[in-house]
Structure formats: structure tokens, C-alpha cells
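Residue numbers (the working numbering), protein chains in the order written: chain A, 942 to 1170; chain B, 942 to 1170.
Single-structure report; data block below.
There are 2 protein chains.
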Amino acid sequence: MTAPQPVAPILRRPLHEEATDRLRDLIVQGSLAPGSRLNERLLTAQLGVSRTPLREAFKVLATEGLVELLPNRGAIVSAIDPARVAETLAVMGALEALAGELACAAATEGQINEIRSLHQEMLANHARGDLAGYFKFNQAIHLKIVKYSGNAVLAQTYRHLNANVRRARYMANLSQERWDAAVREHGEILEALASRDVARIRVLLAEHLAHKLASVLGELRAAPAREAA
Amino acid sequence: MTAPQPVAPILRRPLHEEATDRLRDLIVQGSLAPGSRLNERLLTAQLGVSRTPLREAFKVLATEGLVELLPNRGAIVSAIDPARVAETLAVMGALEALAGELACAAATEGQINEIRSLHQEMLANHARGDLAGYFKFNQAIHLKIVKYSGNAVLAQTYRHLNANVRRARYMANLSQERWDAAVREHGEILEALASRDVARIRVLLAEHLAHKLASVLGELRAAPAREAA
DNA sequence: CTTCCTCATTTTGTATGCAATCGTGGCTTC
DNA sequence: GAAGCCACGATTGCATACAAAATGAGGAAG
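So this is what it looks like as C-alpha cells:
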């Protein structure tokens, strides 16, 4: 175990990394709409980098599935295909079930308390009807569970898939019933984790994701107009 | 379903894709050893491309986890970390369990027969002690199951993880007992698939991967010397 | 003999230049 | 009037140029 460094971590990240992260954020939060073209000249001007690191970022985001490369015709933000979102959520369900299982065994009490306090925050946001705040803590909880599984590959794979789904989330308006149900489910998940109930958390997380799948899918079917290029 | 195209598919792939694939193959089959530096000048000469597409390939392979980018010091083939391999196999186990489940529902009889004939080929290779041939058909079977799950995201995620593990495979020599056991397990998996036994195939695939994990891990512990940089 | 410094060489990170490709508008032709 | 063709501008793909950083050899100081 290395000692935490008290000194200021001067970080000069490569431009292509910076560009990749910036673009990813723009895509995930919807500032760059699905289907929209990524004009190199425009983006170099906006990001203040040259075409080389920008194009490197395109390649990375393409392997992440966030953009699509059209040979000789540049890059576009990949469309949000409901079928693909459904498939992604199915995979995430399997991953979360495993993560929950592992976390039951690996998570420390302190880590569980961390999740508990995030849960409280989430409940507060739910109570006051703050959807954005709710999503934020909801995401945080799921990411913590995955993280505290202690399986780094699992965590990275999950985050990866999550980026693609989050975009859909921004356009999917939760129904009040589904929202209430999701909150209840989260309560049960937390209980199972706290009591280290491996079998139960598996089932709960798998079901939770299955419900999320149905919900997101329903919303996407209801309003697919926005994603037309 | 689109009709198969009889016309010659003129393919002019971008250089960066070609470079990515070539490099990936070299890394996966071990021609580029873990820890070895990827000298740009050398590789541009060998591949016959300029630095731009080559560096783009580096970035892609880095997101795939096959290479590691050291700022200002270039790229190296990422090390094969036994702990990481174990984590990867755990994730693959969860994915295969899901894939088997889905394939039980989605695979056509023709597709199952495809897998059956691959299984026969695998048995033949096992019988004559051809380890390389065995691995080839073994891989093919697992990939087919994942493919016939009908979940493209699952399939891609799986292939992705698989690339990282295959490298370890090349250095892990199977014991005869484990080999025999694996062949038996495959037989059971095929049976479960053919009889569409969802619950059984889940368990079988999860166990099969768990065994694979133990085996590969044991081999890596036995001979970790080769991966020293 | 070791250690540290300096400087040349190599290698990477980024920007830019050039050629090929694509899309578009206008023109011709029927 | 519609369809096809051509030429032009815009954009991409790849190569190369230039600058910053790292590596390594050699020598001076201790």
C-alpha cells in the first residue's frame, strides 16, 4: 500500500485524452445530438486543439460505441437505438447481479454506509420531486455497488455500457409509479447488501434492471421523434 | 434477413482499422509480448503506414485494454496480470450465463446444429491430443453461443474481454485432467442448449467459466516468469 | 569508483500540408 | 421539365514537419 501523496498532483494530460473526455461528456449529456455530424474543423476551433488529437478521440469514442465512423465522410454521434439500449440494459443487469453478489462479500461496513448515505440523499430528492438530483444519486449508488464489488474489470465494463444508456435516460421521462417503485427497489437492494444476502441481492438487482429496461424502452417508444437525425 | 451478396465486395478499409486489427492479432497471439514497447518508427516501417493511423490504432487498443499508454513515453503491450485475468473471467462467466439463457430461447435448430458440429470437431481434436485445434473449436463454440444469444451488445462485450484473456491462454498449458473435464462440461452444455434447459445452461456455463478461471489462474501462478518485461 | 550533470540523439505529441473523396449546384441534353 | 453530367468547394485520410520531452552516453566532480 503506497502512502497518499500530500503534494499537489500537477496534471498535464495529453490533449487527445482531454478531447475524448470533453466529447464524451457532450455526447452523453446530449449536447451533441444523436445523428449529428462531428465536423472536424468546427470542433478543432471549439476545443482549441488540432485535428490530430481530435481524430484520435473519434476513434476511441467509436470503440466505445458513442460515435460512428463513416469512411471518407467523417463521424456522427451514434443513434440511440431502442433495441440496442434494451440489449445493453440486459447485459448491465447481469453485471450488476454479479457486482451485488461480490459486493456482499467484499464491501466494508464503511463502504456500505457510504451507499446508505447516498441512498438517503436519493430519497430526499425523490421526496421533493427533483428528478435530476434523483438520477444523480441513483447513478452514484449503482456505480458504488459496482465499484465495491472489488472487480475492476467489471466496474470498467459497466461504466462503459452505462455511458451509452445514460444518453437515453436524458430523454426518458420517468412515470411517477415507476419512480416510486424504483425507490422501493433501491431500499430492498440496500437491505440485502447490508445483511450480506447474496442470493437476494442477485435477484433484486436483476429485477431492478429488468424494470429499468422496460421503463426506458417504453419511454423511447413513446417519444422516438427527438432522435431523428 | 438480407440476401447474401453474390457480387465481389470491394473493400477498402481505412488504414487505421487495418493497423488496429493487425496489432491486435499480434498482441493476442503473443507475437508482441506483454510489457514490450511499441516503437512507432519500427511499426510504421513494418506495417507500411505512417504514424498517424498507427497512433490512432494505439488509442483504440488502449481502450480495449491491450496496450497501455505512457504519456510522453509511448505505448507498451499491457501486462497479463493474473488478478485481472481472474476478474475478466468472472465477468465473462456472468455474460456467458446470460448468453446461454438467451440462446436457449433464441437459437434456431440450425444454429444449434452448427454448434453441435463444432463440438464434434472439438472432440476429435481432443481425442488426438491436438491442443491448438481444441482451443480453436472451443473458442468458436463459446463465440457461437454468445452470438446466437441474439444480443449484439453482449456479443461485442464478450469478444472484447475475450481478447484480453486469450493472451493468457497461450501461455497456460492445460492439465490432462482439466482438459478432459472441460470436454465433459462442454458436452453437458450442448445438451442443455439442445433441450432448451435455461436453468441448467446458466449453471453449467457459470461453473465452466469458474473452472476455466481456476485453471488459467493456476497456470499463471505456475509460470509467471515469461511475462516479466 | 560513484554520482551527478550536460548534451546529443531518439522518440513522442501536436500541428499542418497535400492528395483523394464527397457533396452540391449549375449546366447540358433529351 | 427531368435526368444526367461536370466542375467546384468543402471535408476527410494520410503523411510529414516541427517542437517538447525523454533516454542514454560521456565526462567532471567528489
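Where a beta carbon is used, it is the ideal one built from N, C-alpha and C, also for glycine.
For B:Arg1141, go through chain A and note every residue whose CB falls closer than 7 Å to its CB, in chain order.
-> Chain A residues near B:Arg1141: none, gap ~17 Å exceeds 7 Å.
Going by other Cβ atoms of all chains shown within 10 Å of its Cβ, with 16 needed for buried, is B:Ala1027 buried or exposed?
-> Counting Cβ neighbours within 10 Å, B:Ala1027 comes out buried, since at least 16 surround it.
From B:Asp966, B:Phe999, B:Leu1039 and B:Glu1050, pick the residue whose C-alpha is nearest to that of B:Leu1150; which is it?
-> B:Leu1150 has its Cα closest to that of B:Leu1039, out of B:Asp966, B:Phe999, B:Leu1039 and B:Glu1050.
Any C-beta of chain A under 8 Å from that of B:Lys1085 | No, B:Lys1085 lies away from the interface with chain A (no Cβ there is under 8 Å from its Cβ).
Is the distance from the Cβ of A:Asn1103 to the Cβ of A:Leu1043 below 8 Å?
-> Going by C-beta atoms, A:Asn1103 is not nearer than 8 Å to A:Leu1043.
With a floor of 4 residues, list each alpha helix (DSSP H) that falls wholly inside the region 1058–1115 of chain B, ordered by position along the chain.
-> Counting only runs of 4 or more residues that sit fully inside the region 1058–1115 of chain B, the alpha helix (DSSP H) segments are 1072–1088 and 1093–1112, in chain order.
Closest Cα partner of A:Gly1034 within the set A:Glu1129, A:Leu1146, A:Gln1080 and A:Ser1156 = Minimum Cα-Cα distance from A:Gly1034 among the listed residues A:Glu1129, A:Leu1146, A:Gln1080 and A:Ser1156 corresponds to A:Leu1146.
Alpha carbon of A:His1067 to alpha carbon of B:Ile1056, nearest angstrom = Straight-line Cα distance between these residues: approximately 49 Å.
At a Cβ cut of 7 Å, what residues of the region 1002–1025 of chain B count as close to chain A, listed as they run along the chain?
-> Under the 7 Å Cβ criterion, the region 1002–1025 of chain B contributes Thr1004, Glu1005, Pro1012 and Arg1025.
For the beta strand (DSSP E) containing A:Ile1017, list its first residue and its last residue.
-> First-last of the beta strand (DSSP E) with A:Ile1017: Gly1015 to Val1018.
Say whether chain A places a C-beta atom closer than 8 Å to the C-beta of B:His888.
-> Past the boundaries of the shown model lies residue 888 of chain B; chain B is included only from 942 to 1170, so the question cannot be answered.
Could you tell me whether the Cβ of B:Arg978 comes closer than 8 Å to any Cβ of chain A?
-> Cβ-Cβ to chain A under 8 Å: no for B:Arg978.
Min CB distance A:Glu981 to chain B below 8 Å | At a cut-off of 8 Å between C-beta atoms, A:Glu981 does not count as an interface residue with respect to chain B.
Considering only residues of the same chain and omitting the five flanking positions on each side of B:Ser1090, which have a CB-CB separation below 6 Å?
-> Correct list, in chain order: Ala1040, Leu1043 and Ala1044.
Beta strand (DSSP E) segment containing A:Val1001, residue limits | In the DSSP assignment, A:Val1001 falls outside any beta strand (DSSP E) and lies within the alpha helix (DSSP H) extending over Arg992 to Thr1004.
Among B:Lys1088, B:His1060 and B:Val1087, nearest to B:Lys1077 - alpha-carbon criterion = Its Cα nearest to that of B:Lys1077, the residue B:His1060 stands out among B:Lys1088, B:His1060 and B:Val1087.
Could you spell out where the alpha helix (DSSP H) holding A:Leu973 opens and where it closes?
-> First-last for A:Leu973: undefined, no H or E at that position.
Where does B:Thr961 land, buried or exposed, given buried means 16+ other C-beta within 10 angstroms?
-> Counting the other Cβ atoms within 10 Å of the Cβ of B:Thr961 gives 16 or more, which makes it buried.
Check whether the Cβ of A:Asn1092 lies closer than 8 Å to any Cβ atom in chain B.
-> At least one chain B Cβ lies under 8 Å of A:Asn1092.
Rank B:Asp1022, B:Leu1007, B:Thr1004 and B:Asn980 by C-alpha distance to the C-alpha of B:Leu995 and give the top, closest one.
-> Of the candidates B:Asp1022, B:Leu1007, B:Thr1004 and B:Asn980, the one whose C-alpha sits nearest the C-alpha of B:Leu995 is B:Asn980.
In terms of DSSP beta bridges, what is B:Val1008 paired with?
-> By DSSP's assignment, B:Val1008 forms a beta bridge with B:Val1018.
Buried or exposed by the 16-neighbour rule on C-beta atoms within 10 Å, applied to A:Pro975 = When all chains shown are included, A:Pro975 counts as buried.
A:Arg953 - DSSP class collapsed to helix/strand/coil = Reduced to three states, the DSSP call for A:Arg953 is coil.
Residue closest to B:His1152, alpha-carbon to alpha-carbon, out of B:Leu984, B:Ser1116 and B:Leu1131 | Closest option to B:His1152, Cα to Cα, is B:Ser1116.
Span separating the alpha-carbon of B:Gln1097 from that of A:Gln1052 | When rounded, the distance between both Cα atoms is 32 Å.
What's the C-alpha gap between B:Leu1134 and B:Ile1086?
-> Rounded to whole angstroms, B:Leu1134 to B:Ile1086 spans 9 Å at the Cα level.
Which listed residue (A:Arg1025, A:Arg1137 and A:Leu1002) has its alpha carbon closest to that of A:Ala1046 = The shortest C-alpha separation from A:Ala1046 is found at A:Arg1137.
State the Cα-Cα distance for the pair A:Asn1054 and A:Asn1105, rounded to the nearest angstrom.
-> Distance between the alpha carbons of A:Asn1054 and A:Asn1105 is about 29 Å.
At least 3 beta-carbon pairs within less than 8 Å: the region 958–973 of chain A vs the region 985–1000 of chain A = In short, these stretches touch, since the Cβ pair count reaches three.
Between the C-alpha atoms of A:Gln970 and B:Thr985, what's the straight-line distance to the nearest angstrom?
-> The C-alpha of B:Thr985 is placed about 38 Å away from the C-alpha of A:Gln970.
On a CA-only basis, which of B:His957, B:Ala1003, B:Val1032 and B:Asn1013 is nearest B:Ala1020? Give me that one, please.
-> Closest option to B:Ala1020, Cα to Cα, is B:Ala1003.
Going by alpha carbons, who is nearest to B:His957 out of B:Arg982, B:Gly989 and B:Ser977?
-> That would be B:Gly989, whose Cα lies nearest to the Cα of B:His957.
Residue interval of the alpha helix (DSSP H) (run including B:Asp1138) | Where B:Asp1138 is concerned, there is no enclosing alpha helix (DSSP H), given that its DSSP letter is neither H nor E.
Have a look at the DSSP bridge pairing and note the partners of A:Arg978.
-> In the DSSP assignment, A:Arg978 is bridged to A:Ile1017.
Along the chain, where does the alpha helix (DSSP H) that runs through A:Ala1027 open and close?
-> Counting along the chain, the alpha helix (DSSP H) containing A:Ala1027 begins and ends at Pro1023 to Ala1047.
Near B:Ile1017, which residues of its chain fall below 7 Å by C-beta distance, leaving aside the five closest residues on each side in sequence?
-> For B:Ile1017, the CB contacts under 7 Å within the same chain, skipping 5 residues up- and downstream, are Gly976, Ser977, Arg978, Leu979, Val1008, Glu1009 and Leu1011 in chain order.
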